[in-house]
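Numbering (my numbering), first residue to last: 50 to 442.
Every residue gets a Cβ at the ideal spot worked out from N, C-alpha and C, and that includes glycine.
A short write-up of the structure that comes next.
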């Protein structure tokens, strides 16, 4: 079955303390950058949606997509206006550009009905934004019209193209809800997650440099399904962690699935280890198993590409909301089972915490080329946000 923690948007925040605090207390990181992300005048930022709004490039530049809206008088009718902007910053924190994207989607009480909003940075200095929306929650004539667009933005912040993304199937009212976005060696883009009217089937798509879909895998045979990990390789091939439901049996099964650069399936291997977050390190996958999924304590589990368990380590956090590769280890947004706050941590695959940030509300993280961790950090009232970059103590 679809895991309850994954069904939540990342705007649902994490616990005020770690349930099983590591001992000794890990050191705090150094803060090397702290940049406010102000909304347009008379607008309010919105943190709704899955992760993926943050990306870093090879030169250390940071890109973040922000969604904002001007509230309606009663907070029930559609917002007076809505914006989605892509903001680019140099490694030193100077703003390179702030670009308003030409979004053509319905507006709800909290702005555009963005079910997916992801950013990718390319070696060329360009960036791409993947946006999928659904108007099914808005009492307007275009209720059933979903809009998915792939924007390509050049190094100066100018929108080069806004390509419409075709539906993945002919299912009525279906839209994309994706949470993995990765550049490919040929300047393309991999996107993965779910597709459907909710609940979702798993889906993966490859897009070329001009925003056209080169191939897709899925949608899956039944639901609820999802993609829980995605890794692009230097040769153009890719590996993914997929949860699939048998069409006849109705039973859920996890797979490590491999695809060639042209999307040709290269095999899949079933496995039984659960997890809400999977990330690939050189030679193996790492899964973070949450407290909701096990009768035992949470753990980090290592798997090879055939799904074989290579080892596991205790993981002193109830929930892992975001997990990324970090050299020979991982970085993560972690939380306790209840309460409003989370932490950013850097750790080894042995579960040992290298540093832990002060408590806060974090919705995304990314790694810089020099090994720092940048995060989107929110105020307690979720009305303002900033980019914060952490370095080793």
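Check whether the Cβ atoms of residue i and residue j sit closer than 7 Å, and answer yes or no.
i           : j           : result
residue 367 : residue 386 : yes
residue 270 : residue 217 : no
residue 183 : residue 195 : yes
residue 435 : residue 409 : no
residue 156 : residue 127 : yes
residue 113 : residue 136 : yes
residue 362 : residue 379 : no
residue 318 : residue 355 : yes
residue 163 : residue 98  : yes
residue 76  : residue 404 : yes
residue 168 : residue 152 : no
residue 208 : residue 227 : no
residue 109 : residue 418 : yes
residue 111 : residue 382 : no
In or out: residue i buried (at least 16 other Cβ within 10 Å) or exposed?
i           : result
residue 321 : exposed
residue 202 : buried
residue 6   : This structure does not reach residue 6, given that the chain is present from 50 up to 442, and the question cannot be answered.
residue 399 : exposed
residue 278 : buried
residue 437 : buried
residue 100 : buried
residue 375 : buried
residue 339 : buried
residue 139 : exposed
residue 173 : exposed
residue 393 : buried
residue 275 : buried
residue 359 : exposed
residue 432 : exposed
residue 125 : exposed
residue 150 : buried
residue 29  : It is not possible to answer for residue 29, since the shown part of the chain is limited to 50 through 442.
residue 350 : buried
Determine which residues share a DSSP beta bridge with residue i and list them.
i           : result
residue 277 : Answer is none; residue 277 lacks a bridge partner.
residue 360 : 351
residue 197 : 181
residue 333 : 330
residue 161 : 156
residue 105 : 111
residue 263 : None; residue 263 has no bridge partner.
residue 315 : Answer is none; residue 315 lacks a bridge partner.
residue 138 : 111 and 144
residue 220 : Residue 220 pairs with nothing; no bridge assigned.
residue 82  : 438
residue 375 : 378
residue 340 : None, per the DSSP bridge assignment.
residue 168 : 178
Using alpha carbons as the reference points, say which of the options lies closest to residue i.
i           : options               : result
residue 373 : 104, 318 and 80       : 104
residue 211 : 170, 252 and 259      : 259
residue 326 : 311, 152, 312 and 347 : 347
residue 180 : 369, 343, 161 and 173 : 161
residue 283 : 298, 290, 305 and 309 : 309
residue 171 : 199, 147 and 235      : 235
residue 230 : 86, 165, 224 and 204  : 165
Practice prompt. Only counting runs of 3 or more residues, tell me where the beta strand (DSSP E) segments fall wholly within the segment 414-441, in order along the chain.
Written response: 422-427 and 434-440
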